[in-house]
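Trainee: Before anything else, here's the structure in question.
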Amino acid sequence: MSPSPAKGPLLLGVRHHGPGSARAVRAALEAARPEAVLIEGPPEGDALLPLAAEEGMRPPVALLAHAADDPGRAAFWPLAGFSPEWVAIRWAQEHDVPVRFIDLPAAHSLAAEGDGQEGDGPEAVRLDPLAVLAETAGYDDPERWWEDVVEHRGAGGAREDVLGAFEALGEAMGALRDAYGDGGHRRDLVREAYMRQRMRAARREFGDAYAVVCGAWHVPALRAKATVAADKALLSGLPKVKVETTWVPWTHRRLARAGGYGAGITSPGWYAHLFSARDRPVERWLTKVAGLLREEDRQVSSAHVIEAVRLAETLAAMRGRPLPGLTETLEAVRAVMCDGSDIPLALIEDRLVVGDVLGEVPDGAPVVPLQRDLTRQQRTLRLKAEAQDRELELDLRKDTDTAKSLLLHRLRLLGVGWGTPAASRSGTGTFRETWRLRWEPELSVRIAEAGIWGTTVLGAATAKAEADAAGAEELGDITALAEQCLLAGLAQALPAVLRALADRAALDTDVARLAKALPALARSLRYGDVRGTDATALGAVAAGLAERICVALPSACTAGLDADAAAEMRGHVDGVHGAIGLLADAGEGLRERWSAVLATLAGRDTVPGLIRGRAARLLLDDGRLPAEETARLMGLALSPASSPADAAGWIEGFAGGSSGGGTLLVHDDRLLGLIDTWLVGVPERAFTDVLPLLRRTFGAYEPGVKRTLGELVRRGPGGSAAASASSAPDGFAPELDPERADAVVGLVRMLLAG
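My numbering numbers the first residue of the sequence shown as 18 and each following residue consecutively.
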């Protein structure tokens, strides 16, 4: 014989995402058998509740509500499998009992947020009820107090035992409300007024045979004898917007932050375990920990598990706790399984205490058309959304991998950062791409926001690119956008981007901005064909930019640049040099013109030494500056007439960084001798000033290069020049060996072909 229906409404005050509360709610509902269940949550979600019973729904999930005309204005109501609200929803559906949400509608809360009226203001002091109760009970940690009085408490027994915890918690919250009023949560007064209205409506339909599942803080207010007129007064004049709602997947990691409920928890993985483990939770948990550590090749046996259980129970007994909590369990793991190290413990906290569980939502959930198209492509390409980081290696010579690359680039252009480009560990080349993928629940909002651009990923990315091109203010922004369009295969957007690029380039007279824009165009021309995108239309724009840079750069480098400006300009010179090298269709005329510009920079004494040295080095590397002329330019730069700071800058530009300057000096005794002679003659005071710059230059060399240079300098002036083959440093010969050099040609060709 089943129990008779509850007399009066059953108020079940819970802690959001509390497994102990979830078990107690289930037991209370089984004991009371109410005719309806009301749950704290936005009423707009009522139409979505039937989806919770479908086979494809797997928590953690969240109700997402966003303003229809502004998807970025959104709120989430997350629910895990161990959330009391989720347990109540599923109980009602399993017993064919009506279930409804009764919190303030999202239409009001999102409108108030947009008008700057949401919340309690920066000056409000907001009470933490659990912290007050824990302190009253003599606990310094609210989490530990809650575990002891709720999470470790059984939920079985007679009806009175089941409901006893809810009654006690309600009385405690009532005392807090009497002492602290709204506790700084002024918005809660409006929410509670709306909840009471929904309860009155339920009473008219079901009498008092209904249950309410809400945060324990609200229970005293819902029991209060407030008048209908008073509640209407609180609710009158609330702003309102049109909203759309849906279910979205959520993650345990995201539950660890304060969200729409303002109830972030620090250990969702641990709470999920407590909810699912019917008996011996500590033993089962430590067995999971041992399995994880074994996967990481740590030596953990069953004896470790037994000893860790004993230590956790001993710690709990010494601290007067009914069962070991997470604190005692982790301390036992650190001592017994991790040898006192925090490094493996951090892995346990990340993988098991928090966890990477990602929920699932059935196909029937309402979504914007863009999300539907993305889901279809994810399934076609077998790109599953996952909560944990994973690397994706793509070979763009394969059609499927190319399609994955295009999708990820288009999503990035739309602001949906599911994938982030990463450095490849398997090699480099135009046909390889590496992505780091991680799905975050907030991406559902980003997709809803991007839905204003189109109903498909391709169409939305194209429209977004065209709009960005029209609104771009910097030339560099447009060139970067052109590169994105090629990477994303947005051929239809390129004409608009190129028009904006040509218009902006024609008006821009700043050579630094022109130089900054050219490399992206050159990369686009060089690598665009890998994805089958026609990039030839960029050629004329790129060539025009290069010509204008050649004309304006010499005068821009002689305008009294300070050290920082000279360093920035040197970077632009490097970028333009590399870009012109990538312009396969630029022709020899442009390369000759650029070489003439470098020659002008290298020989003009009004140009900062850093830029002169770099120009000389680029010419030397291209075979356009004879060794004798290089030595002459270095001799002039390092002559007594030059200031030590300018000479040190020349050396940094010529031999600094990762450009192979150290190897050049190893093989050219004449250049090394010039630097050595200059360095010996630098006055003591000036040497102190140039030392940091010289240390930065030579400190970047590889250890072997620095060691060889030290040997050469130790021999003294002319020592290495006169050295014979027998006295050459290890690994080096006085002259080039053509036969050994030719031996690597085949291997180099194979590498470049790959």
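Glycine included, C-beta positions come from ideal geometry on N, C-alpha and C.
Taking the straight line between their C-alpha atoms, what separation do you get for residue 146 and residue 128?
Mentor: On the sequence shown, residue 146 is found 129 positions in, with the first residue counted as 1. On the sequence shown, residue 128 is found 111 positions in, with the first residue counted as 1. Their backbone Cα atoms lie some 28 Å apart in a straight line.
Trainee: How should residue 323 be labelled, buried or exposed, when 16 other C-beta atoms within 10 angstroms of its C-beta is the threshold for buried?
Mentor: Locating residue 323 in the sequence shown gives position 306, where the first residue counts as 1. Per the 10 Å Cβ criterion, exposed.
Trainee: Since residue 117 and residue 55 should fall inside the 8 Å C-beta cutoff, what is the C-beta to C-beta distance between them, to a whole number of angstroms?
Mentor: Locating residue 117 in the sequence shown gives position 100, counting from the first residue. Locating residue 55 in the sequence shown gives position 38, counting from the first residue. The pair is a contact, with the Cβ atoms about 6 Å apart (cut-off 8 Å).
Trainee: Answer yes if the segment 256-270 comes into contact with the segment 375-386, meaning at least three C-beta pairs across the two stretches below 8 Å, and no otherwise.
Mentor: The answer is yes - the segment 256-270 touches the segment 375-386, with three or more Cβ pairs under 8 Å.
Trainee: Can you list, in chain order, the residues of its chain whose CB lies under 7 Å from that of residue 420, leaving out five sequence neighbours each side?
Mentor: The residue given as residue 420 occupies position 403 in the sequence shown. Only 398 meet the Cβ criterion.
Trainee: From what residue to what residue does the alpha helix (DSSP H) around residue 209 run?
Mentor: Start at 1 with the first residue of the sequence shown, and residue 209 comes out as number 192. Its alpha helix (DSSP H) spans residues 204-223.
Trainee: Using the C-alpha atoms, what's the distance from residue 35 back to residue 81?
Mentor: As a first step, residue 81 must be located in the sequence shown, where it is residue number 64. As a first step, residue 35 must be located in the sequence shown, where it is residue number 18. Rounded to the nearest angstrom, the two C-alpha atoms are 21 Å apart.
Trainee: Assuming residue 61 and residue 123 form a contact by the criterion Cβ under 8 Å, report the distance between their Cβ atoms to the nearest whole angstrom.
Mentor: Looking up residue 61 in the sequence shown gives position 44. Looking up residue 123 in the sequence shown gives position 106. So it is a contact: roughly 5 Å between Cβ atoms.
Trainee: Would the segment 570-582 count as touching the segment 533-540 if we require 3 or more Cβ pairs under 8 Å?
Mentor: Flag = no, the segment 570-582 and the segment 533-540 do not touch.
Trainee: Rounded to a whole number of angstroms, what is the C-alpha to C-alpha distance between residue 246 and residue 220?
Mentor: Residue 246 sits at position 229 when you count from the first residue of the sequence shown. Residue 220 sits at position 203 when you count from the first residue of the sequence shown. Roughly 17 Å between the two C-alpha positions.
Trainee: On the three-state DSSP scale, how would you describe residue 119?
Mentor: Your numbering for residue 119 matches position 102 in the sequence shown. Residue 119 falls in the coil class under three-state DSSP.
Trainee: DSSP three-state label for residue 59, please.
Mentor: Mapped onto the sequence shown, residue 59 falls at position 42. The answer is coil: DSSP assigns residue 59 none of H, G, I, E or B.
Trainee: Contact between the segment 402-411 and the segment 453-472: three or more CB pairs below 8 Å?
Mentor: Yes: at least three Cβ pairs fall under 8 Å.
Trainee: In this structure, how does DSSP classify residue 290 when only helix, strand and coil are distinguished?
Mentor: To locate residue 290, count along the sequence shown from 1; it is residue 273. If DSSP states are grouped into helix, strand and coil, residue 290 belongs with the helices.
Trainee: Excluding sequence positions up to five away, which residues of its chain have a Cβ less than 7 Å from the Cβ of residue 348?
Mentor: Numbered from 1 along the sequence shown, position 331 holds the residue referred to as residue 348. Closer than 7 Å at the Cβ level, and outside the excluded window around residue 348, lie 332.
Trainee: In terms of DSSP beta bridges, what is residue 669 paired with?
Mentor: The count along the sequence shown starts at 1 and reaches residue 669 at position 652. Looking at the DSSP assignment, residue 669 forms no beta bridge with any residue, so it has no partner.
Trainee: Helix, strand or coil for residue 453 per DSSP?
Mentor: Here residue 453 refers to the residue found at position 436 when the sequence shown is read from its first residue. Correct three-state label for residue 453: strand.
Trainee: I need the DSSP call for residue 402, collapsed to helix, strand or coil.
Mentor: Here residue 402 refers to the residue found at position 385 of the sequence shown. The answer is coil: DSSP assigns residue 402 none of H, G, I, E or B.
Trainee: Since residue 47 and residue 230 should fall inside the 8 Å C-beta cutoff, what is the C-beta to C-beta distance between them, to a whole number of angstroms?
Mentor: To locate residue 47, count along the sequence shown from 1; it is residue 30. To locate residue 230, count along the sequence shown from 1; it is residue 213. Going by Cβ atoms, the distance from residue 47 to residue 230 rounds to 14 Å, so no, they are not a contact pair.
Trainee: What would DSSP say about residue 265, mapped onto helix, strand or coil?
Mentor: Start at 1 with the first residue of the sequence shown, and residue 265 comes out as number 248. Note: residue 265 maps to strand in three-state DSSP.
Trainee: What residue from 730, 665, 657 has the CA that sits closest to residue 684's CA?
Mentor: Locating residue 684 in the sequence shown gives position 667, where the first residue counts as 1. That would be 730, whose Cα lies nearest to the Cα of residue 684.
Trainee: Counting Cβ pairs, one atom from each stretch, are 3 or more of them under 8 Å apart for the segment 499-516 and the segment 480-491?
Mentor: Counting Cβ pairs under 8 Å, three or more are found: they touch.
Trainee: Would you call the segment 653-664 and the segment 605-612 in contact, with 3 or more CB pairs under 8 Å?
Mentor: Taking 8 Å as the limit for Cβ pairs, the verdict is that the segment 605-612 does not touch the segment 653-664.
Trainee: So residue 273 and residue 285 are in contact, right, with Cβ under 8 Å, and what is the actual spacing, rounded?
Mentor: The sequence position of residue 273 within the sequence shown is 256, counting from 1. The sequence position of residue 285 within the sequence shown is 268, counting from 1. Right, their Cβ atoms sit about 6 Å apart.
Trainee: Excluding the 5 residues preceding and the 5 following residue 418 in the sequence, name in chain order all residues of the same chain whose CB lies nearer than 6 Å to its CB.
Mentor: Start at 1 with the first residue of the sequence shown, and residue 418 comes out as number 401. Correct list, in chain order: 411, 412.
Trainee: Could you say which of 593, 164, 72, 666 lies nearest to residue 651 if we only look at CA atoms?
Mentor: Translated into positions along the sequence shown, residue 651 becomes position 634. If we check each option's Cα against that of residue 651, 666 comes out closest.
Trainee: When the Cα atoms are used, what is the spatial distance from residue 759 to residue 587?
Mentor: Translated into positions along the sequence shown, residue 759 becomes position 742. Translated into positions along the sequence shown, residue 587 becomes position 570. If you take the alpha carbons of residue 759 and residue 587, they lie about 34 Å apart.
Trainee: Thinking residue 215 and residue 119 are a contact (beta carbons under 8 Å), I'd like their distance in whole angstroms, please.
Mentor: The count along the sequence shown starts at 1 and reaches residue 215 at position 198. The count along the sequence shown starts at 1 and reaches residue 119 at position 102. The pair is a contact, with the Cβ atoms about 4 Å apart (cut-off 8 Å).
Trainee: State the DSSP-derived secondary structure class of residue 94, mapped to helix, strand or coil.
Mentor: Against the sequence shown, residue 94 aligns to sequence position 77. Strand, per DSSP.
Trainee: For residue 77 and residue 374, which I take to be in contact (beta-carbon distance under 8 Å), what is that distance rounded to the nearest angstrom?
Mentor: Along the sequence shown, one-based indexing puts residue 77 at 60. Along the sequence shown, one-based indexing puts residue 374 at 357. Contact holds; Cβ gap of about 7 Å.
Trainee: Pull up the distance between the alpha-carbon of residue 236 and that of residue 469, whole angstroms please.
Mentor: What you label residue 236 is simply residue 219 of the sequence shown in a count that begins at 1. What you label residue 469 is simply residue 452 of the sequence shown in a count that begins at 1. About 41 Å.
Trainee: Have a look at 209, 495, 681, 542 and flag the residue whose alpha-carbon is nearest the alpha-carbon of residue 634.
Mentor: The residue you call residue 634 lines up with position 617 of the sequence shown. Selected option, being the one with the closest Cα: 681.
Trainee: So residue 341 is in the beta strand (DSSP E); what residue range does that whole segment cover?
Mentor: Here the question's residue 341 lines up with position 324 in the sequence shown. Premise fails: residue 341 is in no beta strand (DSSP E) and is neither H nor E.
Trainee: What's the call for residue 317, buried or exposed, on a 16-neighbour Cβ count within 10 Å?
Mentor: Against the sequence shown, residue 317 aligns to sequence position 300. Label assigned to residue 317: buried.
Trainee: Between the C-alpha atoms of residue 464 and residue 556, what's the straight-line distance to the nearest angstrom?
Mentor: For the purposes of this step, residue 464 is taken as residue 447 along the sequence shown, with counting starting at 1. For the purposes of this step, residue 556 is taken as residue 539 along the sequence shown, with counting starting at 1. So the two alpha carbons sit approximately 34 Å from each other.
Trainee: From residue 142 to residue 197, what does the alpha carbon distance come to, in whole angstroms?
Mentor: Reading the sequence shown from its first residue, position 125 is the one you call residue 142. Reading the sequence shown from its first residue, position 180 is the one you call residue 197. In this prediction, residue 142 scores a pLDDT of 45, lower than 50, which makes its location untrustworthy; the coordinate-derived value is nonetheless stated afterwards. So the two alpha carbons sit approximately 11 Å from each other.
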